[in-house]
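Okay, structure first, notes after.
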Amino acid sequence: MAEIYVWCIDPEQAGKRLDAVLAVELDISRNAAQQWLEQGKVTSKGKPLSKKDKLTAGTEVVVDIPDPVAYEIQAEDIPLDIVYEDTHLLVVNKPKGMVVHPAAGHYSGTLVNALMAHCGESLSGINGVMRPGIVHRIDKDTSGLLIVAKNDRAHQGLAEQIKVHSFTRIYEAVVVGNIRQDTGTVQAPIGRHPTQRKKMAVTTQNAKDATTHYEVLGRYPGYTHLRLKLETGRTHQIRVHMAHLGHPVAGDTVYGAANPPKECAALCGQCLHARCIGFVHPITGEELYFESQLPSYFTDFLELLQKRSSVI
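So in the working numbering, spot 92 of the sequence shown is number 144, and the numbers just go up one at a time.
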């Protein structure tokens, strides 16, 4: 049965093209949003809407989300930055802008497409045909380290470590504003946003405990460079917790300002990198720990902030 999604245009969405608003609201591609509009799947007061429509705040929009279609994942020869690999698993350094697994509007160019070409049929199948090998994920515009399981035994062992929070996962981020404390911990439950289905929020409704530890690495006018350690691994945890503190991740247009300052334009999304990951090999029992360098988008942003700091 198709899913119906209803929401009201908020002030930040008002006046923008509906296809662009729909793509962000439902986390689908602009092309998919346009197709749904052309198919009459998006209405207001019973009337189909156009991709060029610009709605006013408070307008109720109803989306008849199409049923998912069967899709055969195609292997694609996409370069991978592989940090570690053996017969059971591999650790990949995912670039910013790459979607982890196929979903509506993103059926090619994903990490899974690349893994299919690299590993062939040697990927775990526990998460189904759309997510072979994927034990955990990071957001499209978050870069950094990700573990992939090559068989079900490895997948189950890694999933158990995630369940009991025994993974070491350390990120770096630049957030908006000056965090006064040099170190701190955010303990706030995270659940689905009550009205925006693709967003998470700090809430007590259908939520799970979430804990994030942070340490200040650098301070700049208007921004703070942080090192963050996850005790839990909830969806969008760092982005939600930082926004909850009043310090959203720089460049994050979902949990921060819809129109971020011009110095964030080159980030093309949140300034967030999965820097380190540590775990026990699910087959050999060996303790493994990996660290990746900060990518150029991150270091370029820090350099820009340093230059602004010296001028001020």
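Backbone N, C-alpha and C define an ideal beta-carbon position, used for all residues, glycine too.
DSSP puts residue i in a beta bridge; with which residues?
i, result
"Cys60", "Glu112"
"Tyr272", "Tyr275"
"Gly196", "Lys146, Ala326"
"His265", "Thr237, Lys281"
Do residue i and residue j have their C-beta atoms closer together than 8 Å?
i, j, result
"Val332", "Glu343", "no"
"Arg291", "Tyr307", "yes"
"Asp71", "Gln86", "yes"
"Thr276", "His299", "yes"
"Pro199", "Val114", "The amino acid at residue 199 is misidentified as Pro; the sequence shows Ile. No, they are not a contact pair."
"Arg221", "Leu142", "no"
The beta strand (DSSP E) that contains residue i, what's its start and end?
i, result
"Met150", "Segment: none, Met150 is in no beta strand (DSSP E) and carries neither H nor E."
"His325", "324-332"
"Gln257", "Gln257 -> no beta strand (DSSP E), and no H or E assigned at all."
"Gln9", "Residue 9 falls outside the range modelled here, since the chain spans only 53 to 364, and no answer is possible."
In its own chain, which residues sit with a C-beta less than 8 Å from the C-beta of residue i, not counting the 5 before and 5 after it?
i, result
"Phe350", "Ser195, Glu224, Val226, Cys323, His325"
"Lys260", "Pro241, Ile242, Gly243, Thr284, Arg286"
"Thr162", "Met150, Val151, Val152, His153, Pro154"
"Glu90", "Lys103"
"Arg69", "Lys103, Lys104, Asp105, Lys106"
"Ile231", "Tyr266, Val268, Thr276, Leu278, Leu297, His299"
Please return the same chain residues whose Cβ sits closer than 6 Å to the Cβ of residue i, not counting the five positions on each side in sequence.
i, result
"Pro334", "Ala206, Gly209, Leu210"
"Val73", "Gln65"
Counting along the chain, where does the alpha helix (DSSP H) carrying residue i start and finish?
i, result
"Lys215", "204-215"
"Arg291", "289-296"
"Leu163", "163-171"
"Arg82", "82-90"
"Leu74", "70-78"
Could you tell me the alpha carbon to alpha carbon distance between residue i and residue j, rounded to whole angstroms?
i, j, result
"Trp345", "Val135", "Inspection of the sequence shows that residue 345 is occupied by Gln rather than by Trp. If I take the Cα positions, the gap works out to 11 Å."
"Lys359", "Ile242", "36 Å"
"Gln213", "Gln126", "30 Å"
"Thr256", "His170", "42 Å"
"Ile130", "Met168", "10 Å"
"Met294", "His245", "16 Å"
"Gly270", "Ser174", "42 Å"
"Asp204", "His188", "14 Å"
"Met53", "Ala253", "At Met53 the pLDDT is 46, less than 50, meaning the model places this residue with poor confidence; the figure from the coordinates comes in the next sentence. Going by the C-alpha atoms only, they are around 27 Å apart."
Within the same chain, show all residues whose beta-carbon is closer than 7 Å to that of residue i, passing over the 5 residues directly before and after it, in chain order.
i, result
"Leu319", "Ala302, Gly303, Tyr349, Phe353"
"Thr247", "Trp59"
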